[in-house]
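Undergrad: Just so we're aligned: the sequence shown equals residues 1452 to 2073 in my numbering. Beta carbons are placed, not taken as given, at the ideal position from N, Cα and C, and that holds for glycine.
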Amino acid sequence: MDTHAYRLYLTAEEEPRVLTIDEASDPSTLRWVGTEFTFFLDILWLDDLEERLIDPAHRGSSFATRADLSMHGLTFGLLETVLRIRVPPELLLRQLHCHGDSCSCRAISGDDLARAIVPRARELCILTTSRPVDAEHHAHGERVKRILADNYVPRHTTPGCTCGFLAAPMDDVRRLLERGEVPVVVLEGGVLVVRSASEGPYVAVSHVWADGLGSTTEEGLPRCQVERLAKLAGKLVQGGAFWQDGLCVPGDRPLRRRAIGLMAATYADAEKVLVIDAGIQSQCSLASSREEYLLRIATSGWMQRIWTLQEGILARELFFEVADGLIDCTYFDGVSYYAASSMIPLLQYCHKDDSTLTYQPRSLASKPVRCDVNDLIALLRYRTTSHPEDETLAVAGLLGVDAGMLVKVEGQQERMKALLTRVGRLPRQLAVFGWLCDRLSIPNFTWAPLSLSDVLWPGDKDDSLVATCTDDGLFGDFTVVRFPEVVLGGDCGVIATIVEERAAEATDERPFKCTRAGCASRVFNLVLSPHAYRKPQPRGALRCNGFLMKQPTLPESMREEGVGVVHIVSETTPPESALHCKFVAPGSARLGVPDAMETTRTRGHWHFVSATVEIMRRVRLT
């Protein structure tokens, strides 16, 4: 279909139709449009937030000019303009719930947005992807925010600039790193002077290499860039000292490892952290609205990289460079407060006051910010790195793990194993989530994700049950569904009829007891992630006889549930001992028989089995 026909399709309806929402539809089935994963956030309804402002004077001035964020207006505008539908004002609004209690605020429901947008988006996806491929569209290759290390060259501040490079004295940087100190630089008399970060306040620069500021201590940066950085640092701290990896991290391998080991301390101890992103800097100015700031930051290259997550969260004060100055997080005080922490999730870890809706500097004496693995699963969603083996190094500081120890471990898989074993307490969803997540191939760790950024969905924060990671595998409590051994392929799945459930009062003589009349009240269908078939498998490799679920009860709805498909090693394990299960692949289980209309789940062959259930059995997963 050509562009003209596509436009005709969009404008075919004379009158926009009125939006209706099928509240019975399952949002979990609306996560994909073609090959693109979709995720909708709840969007605060800012007319409600206005009533919550503490300062009446602030409240009046901000809404008088409409300079503040109006995300609900933007959302409704997109729905009505792009999808050509009229949206009744109250249709998408839902009362917010905080830990089970109702708040005084409402939000545009993310689930309802999925129900409204995804079906229409899928129609448009079919139309646009069915058009013939134009070779000219790919003449210049894929355009992504990544670097090619072999031909990377730092950029000058302006096109055509031919100034020379300026570097910090290598001997001074080496001396400090070998003493375990962070080197910072000051531009004095046209040359860079190195001093220890402990000698005074400094600015730590956070950036992405794709914007042209990447380098090493040995090579340095163009003089024009160094002068620019020094000028910005001088606006933020007295003396203008700053740390920037292109000047303060050597290429020499032993020294580079030392610098990476100090990275968390570098950003946590900085007086200010300055974000330099080409997109934010070129598109925003001091006159821009808060709406513009939030949208530009949320979609920036800086928000898409793994290293910058730690750099933003650990900041005592976080600043962003815009075209004509600098802004900090206090720009989002007031009515933009909740929208900012929703669109820029790392701001949830900044020092702030919910009672006054304000962001505040963090004192140097305060405890370092820490996250758990469950937090990181959500924070790392959609973030990437050009060097996958560096992911663990980039998040170690947030988990309280010494990156200096990890950097000595060679290989992405071994580093992930080292990180998880040192964290110890892990969310149980690592064994059941991660539909498209590669796993480790290390013995006892085939359940572990190769990258936390690919797990996508965090578990329930209120889940009191956690798993323990040791060198012998993952130990935790799971609901275990067992059935006779089957071999799965890309075109087959399992239909399991539950015939027995283990009861708490079961005895050794009768280890299983039916908890429902007839013992056959529930049927589940199970399929493996298509990712399991991405690599050639030895014959019979996908042999399984059970799956693990997090829930203490079997689901009663048709909603898909992530499960860990396993091969149970021993059927005679005593109830008081951990049941040894070998991880096979992530899977999806759903109550009922397969839906033949859902083509992504259609299989040419199904194994019909009878299954038994053990509720919250202690498991050793390897």
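The alpha helix (DSSP H) spanning Ala1729 covers which residue range?
TA: Boundaries of the alpha helix (DSSP H) around Ala1729: 1729-1734.
Undergrad: For Thr2050, count the other beta carbons within 10 Å of its own beta carbon; 16 or more makes it buried, fewer makes it exposed. Which is it?
TA: Confidence at Thr2050 is low in this model, with a pLDDT of 42, below 50, so its placement is unreliable and the value that follows should be read with caution. With fewer than 16 other Cβ atoms within 10 Å, it is exposed.
Undergrad: Cα separation between Tyr1788 and Asp1923?
TA: C-alpha separation (whole angstroms): 45 Å.
Undergrad: Within 10 angstroms of the Cβ of Cys1920, are there 16 or more other Cβ atoms? Answer buried if so, exposed if not.
TA: buried
Undergrad: If you reduce the DSSP assignment to three classes, tell me which class Asn1895 lands in.
TA: coil
Undergrad: Pull up the distance between the alpha-carbon of Gln1755 and that of Arg1834, whole angstroms please.
TA: 4 Å
Undergrad: Decide if Asp1720 is buried, meaning its Cβ has at least 16 other Cβ atoms within 10 Å, or exposed.
TA: Classification for Asp1720: buried.
Undergrad: If we ignore side chains and look at the alpha-carbon of each, how far apart do Phe1491 and Val1569 end up?
TA: 10 Å
Undergrad: Tell me Thr2078's beta-bridge partners as DSSP assigns them.
TA: This structure leaves residue 2078 out entirely; the chain is present only between 1452 and 2073.
Undergrad: From the DSSP output, in three-state form, read off Leu1881 for me.
TA: helix
Undergrad: On the criterion of 16 or more Cβ atoms from any shown chain inside 10 Å, does Met1714 qualify as buried, or is it exposed?
TA: buried
Undergrad: Taking 8 Å as the cut-off, is the C-beta of Pro1909 nearer than that to any heavy atom in the ligand FAD?
TA: The model depicted lacks the ligand FAD and carries no ligand whatsoever.
Undergrad: Kindly indicate which three-state DSSP category Tyr1782 falls into: helix, strand or coil?
TA: helix
Undergrad: Looking at Val1724 and Leu1765, is the spacing between their C-beta atoms short of 9 Å?
TA: Yes. Within cutoff.
Undergrad: Looking only at its own chain, which residues have a Cβ that is under 7 Å from the Cβ of Gly1651, when we skip the five neighbours before and after it?
TA: Gly1690, Ala1692
Undergrad: Helix, strand or coil: how does DSSP classify Tyr1788 here?
TA: Here Tyr1788 sits in helix by DSSP.
Undergrad: Where does the unbroken alpha helix (DSSP H) through Gly1685 begin, and where does it stop?
TA: 1674-1687
Undergrad: Please state whether DSSP places Ser1904 in a helix, a strand or coil.
TA: Annotated three-state conformation of Ser1904 is helix, per DSSP.
Undergrad: Leaving aside the five residues before and after Arg2071 along the sequence, list all residues of the same chain whose C-beta is less than 6 Å from its C-beta, in chain order.
TA: Gly1924, Phe1926, Ala2029, His2031
Undergrad: Near Gly1730, which residues of its chain fall below 7 Å by C-beta distance, leaving aside the five closest residues on each side in sequence?
TA: If you ignore the 5 residues before and after Gly1730, its C-beta comes within less than 7 Å of the C-beta of Arg1747, Ser1751, Gly1752, all in its own chain and listed in chain order.
Undergrad: Excluding sequence positions up to five away, which residues of its chain have a Cβ less than 8 Å from the Cβ of Pro1701?
TA: Met1621, Val1624, Arg1625, Leu1628, Thr1667, Thr1668, Glu1669, Arg1707, Ala1710
Undergrad: DSSP has Met2000 in a bridge; who is on the other side?
TA: Thr1930
Undergrad: On the three-state DSSP scale, how would you describe Gly1406?
TA: Nothing in the structure corresponds to residue 1406, since the chain is present only between 1452 and 2073.
Undergrad: Taking Cβ positions, are Ala1655 and Glu1762 nearer each other than 9 Å?
TA: yes
Undergrad: The beta strand (DSSP E) spanning Gly2038 covers which residue range?
TA: 2030-2042
Undergrad: Do Arg1933 and Leu2084 have their beta-carbon atoms positioned less than 9 Å apart in this structure?
TA: This structure gives no information on residue 2084, because the portion of the chain shown stretches from 1452 to 2073.
Undergrad: Quick one: what does DSSP say Ala1947 is sitting in, helix, strand or coil?
TA: strand
Undergrad: Between which two residues does the beta strand (DSSP E) holding Asn1418 run?
TA: The structure shown does not extend to residue 1418, since the chain is modelled only from 1452 to 2073, so the question has no answer here.
Undergrad: Inspect the beta-carbon positions of Ala1558 and Ile1494 and report whether they are closer than 9 Å.
TA: Note that the C-beta distance between Ala1558 and Ile1494 is below 9 Å.
Undergrad: By how many angstroms is the C-alpha of Val1937 removed from the C-alpha of Ile2019?
TA: 12 Å
Undergrad: Counting C-beta neighbours from all protein chains within 10 Å, is the total for Tyr1810 16 or more, i.e. buried, or is it exposed?
TA: buried
Undergrad: Pick helix, strand or coil for Arg1834, following the three-state DSSP scheme.
TA: coil
Undergrad: Our contact map puts Leu1977 next to Gly2038 with C-beta atoms below 8 Å; I'd like the distance itself, whole angstroms only.
TA: 6 Å
Undergrad: Which term fits Leu1831, buried or exposed, when burial requires 16 or more other beta carbons within 10 angstroms of its beta carbon?
TA: buried
Undergrad: Tell me the rounded alpha-carbon separation between Glu1865 and Thr1471.
TA: 50 Å
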